[in-house]
Amino acid sequence: EKPSYKWQRVLLKVSGEALAGDHSQNIDPKVTMAIAREVASVTRLGIEVAIVVGGGNIFRGSSRAGCSGLDRSSADYIGMLATVMNAIFLQATMESIGIPTRVQTAFRMSEVAEPYIRRRAVRHLEKGRVVIFAAGTGNPFFTTDTAAALRCAEINAEVVLKATNVDGVYDDDPRHNPNAQLHDTLTYHEVTSKDLSVMDMTAITLCQENNIPVVVFNLTKSGNIAKAIKGERVGTLIGG
Ligand code: UDP
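Each residue of the sequence shown is one higher than the one before, counting from 88 in the UniProt record's numbering.
See the structure below:
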C-alpha cells in the first residue's frame with residue numbers, strides 16, 4: 088500500500104543565498120546536488136515538486152538600483168535573469184541524477200527554457216517531472232518569494248516550503264542574541280504585525296489570502312529538504 092504523506096504537491100522556494108552555500112562563486116554545486124538528491128528521494132514516493140529559485144546570489148535589483156544610472160526596473164530585470172541562471176544549473180544537476188526536470192520562465196526565453204504555461208506545468212508535475220519556475224513573477228518590483236506564493240496558488244500546491252540558511256523564524260536575531268527562541272508555529276497575523284522577516288509583505292499576504300501554509304526551514308542540514316517535503320516537523324510552520 089502506498090504510504091500517504093502530508094503533502095501531495097509542494098512548492099519549494101530556494102533562495103539564491105542558499106544556493107551559494109559556502110562556495111566562493113555564485114552557485115555551490117554541493118548545494119544543488121544536495122537539493123537534487125533529496126528531491127529525487129521524494130519524487131520517488133510520488134510527491135509532486137515544483138521549485139521557485141531566487142537570484143540574490145548573483146544580483147538583487149533593489150540593492151543595485153541607482154548605481155551608474157541603473158533604474159529599478161532594469162535592475163530587477165537583471166535580477167530575474169539571474170534566477171534563470173540558477174534554474175538552469177539546478178535543472179542540469181537534477182537531470183544528471185535522473186530526475187526529469189523542466190524549467191519554465193515567466194518571460195519568454197524559448198531557446199533556453201519553456202515559457203510559463205500553467206496547465207503545462209501541472210501536466211509535467213502529474214507525470215512526475217520537477218518543474219523549476221524561473222524569472223520570478225516576470226515583473227519588476229516583486230520578489231521570488233512572491234513568485235513562490237503566486238505559483239503555489241496557481242498550480243494548487245498545498246504549501247510553500249521556504250529553504251533558507253537558518254533553522255526557521257526566531258523571536259530575535261540568533262546571530263546577535265544567543266537566547267533567541269525558534270518559533271515552532273506562527274500565525275500570518277503574528278508574522279505581519281511583528282514584522283518578522285520571513286518573506287516580504289506581498290508574499291506573506293498572498294499566502295494568507297489563499298490559505299497557503301509556509302514552512303521556513305534550514306536547507307543546509309542534511310535530510311531537511313526531504314523532511315519538509317514529506318511534511319515532517321522541521322523549522323517554523325506559518326498558517327492559520
Ligand atoms: N525579481 C523581480 N521580480 C520578481 C522576482 C525577482 O524583479 O518577480 C528580481 C529582483 O531584482 C530580485 C532579484 O530578481 O532582487 C532576485 O530575486 P530575489 O531577491 O527574490 O532572490 P532571493 O532573495 O530568493 O535570492
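In this text, a Cβ means the ideal position worked out from N, Cα and C, and glycines have one as well.
Expected contact under 8 Å - CB spacing of residue i and residue j to nearest Å
| i | j | result |
| --- | --- | --- |
| residue 74 | VAL217 | This structure gives no information on residue 74, because the portion of the chain shown stretches from 88 to 327. |
| residue 334 | GLY185 | The structure shown does not extend to residue 334, since the chain is modelled only from 88 through 327, so no value can be given for it. |
| PRO202 | THR192 | 6 Å |
| ALA162 | ALA152 | 4 Å |
Candidates the options, of which the one nearest residue i by Cα
| i | options | result |
| --- | --- | --- |
| GLY108 | GLU319, LYS308, GLY318 | LYS308 |
| PHE176 | LEU106, ILE134, SER197 | LEU106 |
| THR279 | CYS294, SER111, ALA200 | CYS294 |
| SER183 | GLY153, MET120, ILE219 | MET120 |
| ILE316 | ALA137, GLN112, ASN113 | ALA137 |
| ALA127 | GLY153, GLN178, CYS154, HIS110 | GLN178 |
Distance, residue j Cα to residue i Cα
| i | j | result |
| --- | --- | --- |
| ASN144 | ASP158 | 20 Å |
| ALA221 | LYS100 | 11 Å |
| MET167 | LEU98 | 18 Å |
| GLU319 | ASN226 | 34 Å |
| VAL171 | ARG210 | 21 Å |
| ALA208 | ASN266 | 44 Å |
| VAL302 | GLU198 | 34 Å |
| GLY133 | ARG96 | 9 Å |
| ALA290 | VAL256 | 16 Å |
| ARG195 | ALA236 | 21 Å |
Per-residue DSSP class, three states only, for residue i
| i | result |
| --- | --- |
| GLN295 | helix |
| THR119 | helix |
| ASN144 | coil |
| ALA221 | strand |
| LYS214 | coil |
| THR233 | helix |
| ILE325 | strand |
| ALA200 | coil |
Check: residue i C-beta below 8 Å from any heavy atom of ligand 1
| i | result |
| --- | --- |
| TYR92 | no |
| ASP163 | yes |
| MET167 | yes |
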